[in-house]
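Residue numbers (our numbering), protein chains in the order written: chain A, 344 to 511; chain B, 344 to 511.
Heads up, the beta-carbon is just placed ideally off N, CA and C, and yes, glycines get one too.
Shown next, in structure tokens, is the structure this report addresses.
Number of protein chains: 2
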Amino acid sequence: MSPTLPTAENSSAENASSPMETDPRLILAKSRLKSAGLRVTQPRMKILAALCRQTSPVSIEHLHAGLPAAACNLVTVYRGMAAFERGGLVHRAVIHEGTSLYQITLGQPETYHVICRSSGKLAPLSAEVSGELQKAAAKAREELRGKGYREVAHRLEFSGVAPPATQR
Amino acid sequence: MSPTLPTAENSSAENASSPMETDPRLILAKSRLKSAGLRVTQPRMKILAALCRQTSPVSIEHLHAGLPAAACNLVTVYRGMAAFERGGLVHRAVIHEGTSLYQITLGQPETYHVICRSSGKLAPLSAEVSGELQKAAAKAREELRGKGYREVAHRLEFSGVAPPATQR
DNA sequence: ATGACTGCAAACTGTTTGCATTAGG
DNA sequence: CCTAATGCAAACAGTTTGCAGTCAT
Numbered sequence: 344m345s346p347t348l349p350t351a352e353n354s355s356a357e358n359a360s361s362p363m364e365t366d367p368r369l370i371l372a373k374s375r376l377k378s379a380g381l382r383v384t385q386p387r388m389k390i391l392a393a394l395c396r397q398t399s400p401v402s403i404e405h406l407h408a409g410l411p412a413a414a415c416n417l418v419t420v421y422r423g424m425a426a427f428e429r430g431g432l433v434h435r436a437v438i439h440e441g442t443s444l445y446q447i448t449l450g451q452p453e454t455y456h457v458i459c460r461s462s463g464k465l466a467p468l469s470a471e472v473s474g475e476l477q478k479a480a481a482k483a484r485e486e487l488r489g490k491g492y493r494e495v496a497h498r499l500e501f502s503g504v505a506p507p508a509t510q511r
Numbered sequence: 344m345s346p347t348l349p350t351a352e353n354s355s356a357e358n359a360s361s362p363m364e365t366d367p368r369l370i371l372a373k374s375r376l377k378s379a380g381l382r383v384t385q386p387r388m389k390i391l392a393a394l395c396r397q398t399s400p401v402s403i404e405h406l407h408a409g410l411p412a413a414a415c416n417l418v419t420v421y422r423g424m425a426a427f428e429r430g431g432l433v434h435r436a437v438i439h440e441g442t443s444l445y446q447i448t449l450g451q452p453e454t455y456h457v458i459c460r461s462s463g464k465l466a467p468l469s470a471e472v473s474g475e476l477q478k479a480a481a482k483a484r485e486e487l488r489g490k491g492y493r494e495v496a497h498r499l500e501f502s503g504v505a506p507p508a509t510q511r
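Shown next as structure tokens:
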């Protein structure tokens, strides 16, 4: 029932300390943190690293559960995510059953997802369709900017009942 | 901070008992209730009537607060909305700060909204832009149908900081 | 008749907050 | 140093659930 998707979570070294600095997205995230006037702390870097490993939106609880033993407190993840969101590092991509699923903002073309209402499983839409939606959304953003809205963002999510084959 | 928008709520007779049957949307809603195998009860009709009066998505609490004195219990609104949603009478249009805002599904062209992150005020996008978004969303739905998804739905919401003038 | 619906109270769950402590710049 | 960030425990808010009584069909 809770949102799931094959994550790279349990892939390799979790308590890693070396490959952390190599991920280009992590480095970018780090600099964005600084430019947003936020402090670069150990818990935050761990959260961001875990976030980078995700292949699709994750819930805060899921993210925290996937972190090493006691990488940081659940509350810290909540506060960190709030800060990241304010700083534009992350965005709430899906809201499913009262829980938000986050994703890193990579400046890369956004991909929208479908969430299965029976299994909670998440799947991405094709790049083409996502692209078209992006274009339409861009027009909307433009209209809103024209009306004086600042920091315009949007969230688009599809839901449906996935075919049995896809459910597992 | 809570979502607001000029509603037709306090317009005229609230405890009205006569104009209730005249609204075409209400009649439609009533028949949809029946065809969905749901019972037509007094509380539900009051909820649907209130819903019809809304000009934009409303939260359950707001809807309940706007009902006559004790038209029905808050819990009943929650359960009624859940039933309406299952029956396709209503849909969750926006999710703002942990609260869902609902809207009647009229089969009419859907209009998307922007919610101001500072005032919580809701405003509709132009019909043109909404239309384009609709078209793009339709393609996505098609893609999903092709993949075997059933009962595909979507939610699209914009957010931003409205210009001071619009804030009040 | 009879099962769906309602009301009331209590439970839940995701999220937030206060405060003392720790640590980043 | 000085302030932002963390951890812990407790508070919150929206939503859900159990159960007994009621009403639509």
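So which residues of chain B does residue 497 (chain A) contact, with C-beta pairs closer than 8 Å?
Here residue 497 (chain A) is taken as the residue at index 154 of the first sequence, counted from 1. Ordered by position in chain B, the residues that pass the 8 Å Cβ test against residue 497 (chain A) are 499, 500, 501, 502.
Using three-state DSSP, classify residue 421 (chain B) as helix, strand or coil.
Translated into the one-based positions of the second sequence, residue 421 (chain B) becomes position 78. Residue state, collapsed to three classes: helix.
Going residue by residue through the region 408-468 of chain A, where are the continuous alpha helix (DSSP H) segments of at least 4 residues, counting only ones entirely within it?
Listed in chain order, the complete alpha helix (DSSP H) runs (minimum 4 residues) inside the region 408-468 of chain A are 417-429.
Comparing alpha-carbon positions, which option in B:441, B:439, B:447, B:409 lies nearest residue 426 (chain B)?
Translated into positions along the second sequence, residue 426 (chain B) becomes position 83. When each option's Cα is compared against that of residue 426 (chain B), the closest is B:447.
Measuring CA to CA, which of B:380, B:487, B:484, B:467 is closest to residue 431 (chain B)?
Working through the second sequence from its first residue, we reach residue 431 (chain B) at position 88. The shortest C-alpha separation from residue 431 (chain B) is found at B:380.
Looking only at C-alpha atoms, which of A:493, A:439, A:405 sits nearest to residue 497 (chain B)?
Here residue 497 (chain B) corresponds to residue number 154 of the second sequence, with the count starting at 1. Per the Cα distances, A:439.
Just the C-alpha distance for residue 416 (chain A) and residue 462 (chain A), rounded to the nearest angstrom, thanks.
On the first sequence, position 73 is the one that residue 416 (chain A) refers to. On the first sequence, position 119 is the one that residue 462 (chain A) refers to. So the two alpha carbons sit approximately 28 Å from each other.
At 9 Å on the CB atoms, spell out the chain A contacts of residue 489 (chain B), in chain order.
In the second sequence, the residue the question calls residue 489 (chain B) occupies position 146. Within chain A, no residue comes near residue 489 (chain B); the closest Cβ sits about 10 Å away, beyond 9 Å.
Residues of the region 433-455 of chain B with a CB closer than 8 Å to any CB of chain A: list them in chain order, please.
Result list: 438, 441, 455.
Taking 8 Å as the threshold (C-beta atoms), are residue 400 (chain A) and residue 487 (chain A) in contact?
As a position in the first sequence, residue 487 (chain A) is number 144, starting the count at 1. As a position in the first sequence, residue 400 (chain A) is number 57, starting the count at 1. Against a cut-off of 8 Å, the Cβ pair of residue 400 (chain A) and residue 487 (chain A) comes out as no contact.
Grab me the residues of residue 499 (chain B)'s own chain with a C-beta within less than 8 Å of its C-beta, minus the 5 sequence neighbours each way, in chain order.
In the second sequence, counting from the first residue as 1, residue 499 (chain B) sits at position 156. Cβ within range, chain order: 455, 476, 480.
Using a beta-carbon distance cut-off of less than 9 Å, what residues from the region 370-401 of chain A approach chain B?
Result list empty, no residue passes.
Look at the alpha carbon of residue 423 (chain B) and the alpha carbon of residue 387 (chain B), and state the distance between them as a whole number of angstroms.
On the second sequence, position 80 is the one that residue 423 (chain B) refers to. On the second sequence, position 44 is the one that residue 387 (chain B) refers to. If you take the alpha carbons of residue 423 (chain B) and residue 387 (chain B), they lie about 6 Å apart.
In chain A, which residues lie with their C-beta within 8 Å of the C-beta of residue 469 (chain B)?
By one-based count along the second sequence, residue 469 (chain B) stands at place 126. Residues of chain A passing the Cβ test: 486.
Does the beta-carbon distance from residue 403 (chain A) to residue 383 (chain A) come in below 8 Å?
Within the first sequence, residue 403 (chain A) is the residue found at index 60, counting from 1. Within the first sequence, residue 383 (chain A) is the residue found at index 40, counting from 1. Their beta carbons are not under 8 Å apart, which means residue 403 (chain A) does not touch residue 383 (chain A) by this criterion.
Taking C-beta pairs closer than 9 Å, name the residues in chain A that residue 429 (chain B) reaches, listed in chain order.
In the second sequence, residue 429 (chain B) corresponds to position 86, counting from 1. Under the 9 Å cutoff, chain A gives no residues; its nearest Cβ is about 10 Å from residue 429 (chain B).
Between residue 464 (chain A) and chain B, is there a C-beta pair that is closer than 8 Å?
In the first sequence, residue 464 (chain A) corresponds to position 121, counting from 1. Not one chain B Cβ lies under 8 Å of residue 464 (chain A).
Please confirm if residue 421 (chain B) has its CB atom under 8 Å from at least one CB of chain A.
The sequence position of residue 421 (chain B) within the second sequence is 78, counting from 1. With 8 Å as the cut-off, residue 421 (chain B) does not count as an interface residue toward chain A.
Which residue from A:509, A:412, A:491, A:445 puts its Cα closest to that of residue 489 (chain B)?
Locating residue 489 (chain B) in the second sequence gives position 146, counting from the first residue. The shortest C-alpha separation from residue 489 (chain B) is found at A:509.
Comparing alpha-carbon positions, which option in A:374, A:407, A:494 lies nearest residue 390 (chain A)?
On the first sequence, residue 390 (chain A) is found 47 positions in, with the first residue counted as 1. With distances taken between Cα atoms, residue 390 (chain A) lies closest to A:407.
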